[in-house]
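Quick note on this note's numbering: the sequence shown kicks off at 12 and runs consecutively. For every residue, glycine included, the Cβ atom is placed at its ideal position computed from N, Cα and C. Presented below is the structure to which this report refers.
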Amino acid sequence: MTNILLVTSSPRGPQSLSTRFAREIAESLNARSGHAIIERDLGAAPLPHITAAYIDGRIALPETRTVEQIEAVDLAQSLVDEVLSADVIVIGSGMINFGPPTQLKAWFDYITWPGVTFRYGTTGPMGLLPNKKVYLVTATGGVFSEGANAPFDFQTAYLTHLLGFIGLTDIEVIRVEGTLISPDAAKVAIASTETTIRAALERAA
C-alpha cells in the first residue's frame with residue numbers, strides 16, 4: 012500500500028486548477044494502492060503563521076515550554092509526521108503575486124525545522140527527511156515556464172528548493188499555465204496538463 016499526502020493551498024476552493032489537478036493525481040494513485048489519502052487543505056483551513064512561540068519553543072527543553080510554545084511545536088510535529096508517513100506527496104500551488112500562496116508558505120515554515128527536517132554540516136545544509144516521490148502542481152494565469160515571464164516565476168523554483176532543502180528531491184513538476192490569456196488558451200492549457208498527468212501516472216505504474 013502507498014500512503015498519499017495531498018496538500019492543497021488555493022483560496023479559490025473548487026474553482027482552483029492547482030487543487031483540481033493535484034487531487035486528480037492523488038486520487039489516481041490512490042485507486043492503485045487502495046489506501047486512504049491524507050488531505051491537508053490549507054485554503055479551507057489555513058495554518059496560523061509562525062510566531063515567537065514556535066521559534067523559541069522548538070529550541071527550548073520540552074519541560075520548560077510555555078503553553079503557547081507547546082501548542083506551536085505540537086502543530087509543527089503533526090505536520091512533519093504527516094510528511095513522514097507519506098510515500099507520495101502531492102502539492103497544489105496556484106501563483107499569487109509571482110509566488111506561492113501564503114497558506115503554503117506557512118506550511119513550509121512549520122516543516123522546515125532545524126535538527127528535525129534539515130541540519131547544517133561541514134559541507135553545508137543536509138535534508139533529513141527520507142526521499143519520497145513529490146508531484147508539484149503549479150498553476151499560473153500566464154505562461155511562466157518560458158518566454159518573457161520566466162524570470163518572474165518565483166513560485167516553482169522556490170518550492171522545489173524548499174523541498175530539496177529538507178531532503179525531498181524526487182520532484183515532478185506539473186504546470187497548468189496560460190489559463191487567463193483567453194478562453195481558448197485555457198482549454199488548450201487544461202488539455203495539455205491532462206496529457207502531462209497521464210504520462211506522469213504511466214511512468215509511476
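If you draw a straight line from the alpha carbon of D85 to that of L17, how long is it in whole angstroms? 20 Å
Check each candidate in P111, T134, E213 and name the one with the smallest Cα separation from L173. P111
Just the C-alpha distance for Q80 and V101, rounded to the nearest angstrom, thanks. 29 Å
Within this structure, are the beta carbons of I208 and I66 separated by less than 8 Å? no
What three-state label does DSSP hand V91 in the structure shown? helix
Start-end ranges of the alpha helix (DSSP H) lying completely within the stretch 68–132, minimum 4 residues: 78–96, 113–122
Please state the DSSP three-state secondary structure of V148. strand
If contact is defined by three or more beta carbon pairs under 8 Å, each pair taking one atom from either stretch, is the stretch 178–189 in contact with the stretch 147–165? yes
Can you tell me whether E106 is buried or exposed? The criterion is at least 16 other CB atoms within 10 Å of its CB, across all chains shown. Strictly speaking, residue 106 in this sequence is Met, with Glu absent from that position. It counts as buried.
Going by the beta-carbon positions, is the gap between G178 and G138 smaller than 8 Å? yes
Quick one, which of R76, K116, S39, T77 has its alpha-carbon nearest G54's? K116
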